[in-house]
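All letters in the sequence shown, in the order written, are residues -20 to -1, 1 to 434 by mature numbering (1 follows the signal peptide of the UniProt record, and there is no 0). The block underneath contains the structure these notes are about, expressed in structure tokens.
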Amino acid sequence: MRRVLSSLLGAVMLSSSALASLQIVPGGTWTASNGEHLNAHGAGVIAVNGTYYLIGEDKTGGSAFANVNCFSSTNLVQWRYEGALLSRAAAAGDLGSGRIIERPKVIYNDKTRKYVLWMHVDSSSYGDAKVGVATGDSVCGKYNYIRSFRPLGFESRDMGLFKDDDGTAYLLTEDRKNGVRIDKLKDDYLDLEGTTSTYLWKDHIEAPAMVKVKGRYYFFGSKLTGWDPNDNVYSTSTSLSSGWSSWATFADAKSNTYSSQTNYILDYGNGNVMYMGDRWQSKNLQSSSYVWLPLTIADGKVSMKNRASWVPNAGAGPWAAAPEQTTYDDTKGKYSGGAKEVSCSKCSGGKAVGYVGGNSTVDGKVTFSGIRSDKDGLSTVQVRFANGDSKPRYAAVVVNGGAPVKLAFEPTGSDTGSSSLNVRLKSGSENTIVIGGVDGGWGPDVDQLMVPVQ
Ligand SMILES: *[C@@H]1O[C@H](CO)[C@@H](O)[C@H](O)[C@H]1NC(C)=O
Ligand SMILES: *[C@@H]1O[C@H](CO)[C@@H](O)[C@H](O)[C@H]1NC(C)=O
């Protein structure tokens, strides 16, 4: 009887159970398919045919414009690097060297069948304060840059885009002198409609983003504190042009929105609405991390709790709290080659395993065996680590004798961090995870593994 049941249920259960342990770990290093920390800062998301495209700033070289990057995912956890939509031009101009291109956002125009990209365009001293527009024939292909301008003649810094249910689209724009605006776009989304804003708040709010839930609009933004985070706020109304509520916080007061700044709000179905924020590292922008958390939105009220990790369940059902996890301390690992215990003040027990990696003579490794999972399937294992360098370190991770996976570990200063390893575990207590170096380089100091039981 049990057998019959499980085979009957098998087909329906597959999609949700396959995702059950894939987690978002806010603030951690998220390694994309190219073996590097996800590099899509100030990003937006567009869903096309069940695939999410994350489009954001490449900060590898610092603040100056290098690329607008595109990554894809079907589960919001594993991200494939697809390429750049726009890249720095050899010639001087909006896209030349030393320019600022921030907060790229893409929406699809059903009439022209073009993907339309808007972005903040500026000089290195932020004196231009313009928006730029480009179009693409495919979501992650090369875009054609059209022009930059000041919307309705006003300064425009942080910006967002919003496409309403009826296909009407709006620019959300921070005008430093006058406040934050909602401006209607023309049918082709390439310019503004009319000569006045749909709405203007005379408050100083940047990082604008908007979502519509059950016929009600929710506009999010932050106060102006440079790269440092603050308690972000929202306002809500059933009309874009009037009736907006006074600003209110949605994260725990004085948490500075769990040390992040709004970049996008994603409704990904099944009642799931996700806050997407940047945790900027102003001295090392490429290592800025992502704080994505589930929002609770009901009857005009928004709230958000902090979580060390959680399960988005994209395409499968409602989001879920983190599963129960087993912690494997570095002292449970078997060290080989040059790997040895090092002191690490913020690590558990004040120790970690160091000298992982190195040349082929020392070839330090740490092997964790006897790792338990109660399910076959994809899981997010959190590798807790320290990296005191100013650059990322890398490890080659082998799970159950499979192909090595390259994992990145962004700088942690004197603290520790988490790097997400998304891998397939077998049911039982026989899983093995080996962490070694990449191409002779040193890996991170490994503190512990946190492995979902289910
Ligand atoms: C979406 O999927 C359909 C059916 O597979 C395909 O015809 C269409 O081209 C896809 N659209 C995009 C934008 O990829
Ligand atoms: C390999 O690395 C070790 C430790 O850094 C060093 O002492 C040794 O000289 C290196 N060997 C070679 C062949 O480079």
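Positions of the beta carbon are idealized from the N, C-alpha and C atoms, including for glycine. Nothing here was measured: the structure is a model prediction, and the numbers come from that model.
### Message
Please identify the residue among A233, V414 and C120 whose C-alpha is closest to the C-alpha of L401.
### Response
V414
### Task
Kindly examine ligand 2 and report whether one of its heavy atoms sits closer than 7 Å to the Cβ of G421.
no
### Query
Is it the case that the CB of V322 approaches a heavy atom of ligand 2 more closely than 7 Å?
no
### Query
Buried or exposed: which applies to A12, given that a residue is buried once 16 or more other Cβ atoms fall within 10 Å of its Cβ?
buried
### Task
Decide if L429 is buried, meaning its Cβ has at least 16 other Cβ atoms within 10 Å, or exposed.
buried
### Task
Check the DSSP bridge columns for N49 and list the partner residues they point to.
G36 and A64
### Task
With a cut-off of 6 Å, give the chain-ordered residues whose Cβ is closer than this to any heavy atom of ligand 2.
G338, N339, T341 and V342
### S267, DSSP secondary structure in three states
helix
### Task
Tell me whether the beta-carbon of R156 lies closer than 8 Å to the beta-carbon of R137.
yes
### Query
Would DSSP call T347 helix, strand or coil?
strand
### Query
Run through DSSP, which three-state label would S239 get?
helix
### Query
Shortest alpha-carbon distance to L66 belongs to which of L75, K164, A233 and K143?
L75
### Message
Once the 5 residues before and after D309 are set aside, which same chain residues still bring their CB inside 8 Å of it?
### Response
S328, G329, D427 and Q428
### Task
Determine the direct distance from the alpha carbon of V361 to that of V379, and round the result to whole angstroms.
11 Å
### Message
Mapping the DSSP letters down to three states, classify Q434 as helix, strand or coil.
### Response
coil
### Query
If you pair each beta-carbon of the region 79 to 96 with each one of the region 53 to 64, do three or more pairs fall below 8 Å?
no
### Query
Starting from S323 and walking both ways along the beta strand (DSSP E), at which residues does that stretch end?
K320 to S323
### Query
Can you find at least 3 beta carbon pairs, one from the region 301 to 320 and one from the region 387 to 401, that sit closer than 8 Å?
no
### Query
According to the neighbour-count rule (16 or more other Cβ atoms, all chains shown, within 10 Å of its Cβ), is G423 buried or exposed?
buried
#### Entry: Contact between the region 383 to 392 and the region 339 to 352 (3+ Cβ pairs under 8 Å)
no
### Message
Measuring alpha carbon to alpha carbon, tell me which residue in Y169, G121, P292 and S226 is nearest F142.
### Response
Y169
### Query
Can we say the region 189 to 197 touches the region 229 to 239, given the rule of at least three CB pairs closer than 8 Å?
no
### Query
Which value, in whole angstroms, describes the spacing of the CA atoms of S212 and I81?
In the sequence as displayed, the identity of residue 212 is Asn instead of Ser. Distance between the alpha carbons of N212 and I81: 23 Å.
### Query
Any idea which residues DSSP pairs P274 with across the strands?
M254
### Reference A149, options L132, T306 and D167, closest by Cα
D167
### Task
To the nearest angstrom, report how far apart N286 and W299 are at their CA atoms.
14 Å
### Query
Where does Y106 land, buried or exposed, given buried means 16+ other C-beta within 10 angstroms?
exposed
### Query
Quick one: what's got a C-beta closer than 6 Å to Q266's C-beta in the same chain, skipping five residues either side?
K39 and T40
### Task
With distances taken Cα to Cα, identify the nearest neighbour of P391 among L2, G8 and S1.
G8
### Message
If you measure between the beta carbons of S104 and N264, is that distance less than 8 Å?
### Response
no
### Task
Can you give me the start and stop residues for the beta strand (DSSP E) that M284 sits inside?
It is not in any beta strand (DSSP E) - M284 carries neither H nor E in the DSSP assignment.
### Query
Exposed or buried, which one is A20 when buried takes at least 16 other CB atoms within 10 Å?
buried
### Task
Starting from the N-terminal side, write out each stretch of the beta strand (DSSP E) that is 3 residues or longer and does not extend beyond the region 392 to 419.
397 to 405 and 408 to 416
### Message
Within 10 Å of its beta-carbon, does G344 have 16 or more other beta-carbons around it, so buried, or fewer, so exposed?
### Response
buried
### Task
Assign L132 to one of three DSSP states: helix, strand, or coil.
helix
### Message
Going by DSSP, what residue range makes up the beta strand (DSSP E) through D309?
### Response
Q305 to D309
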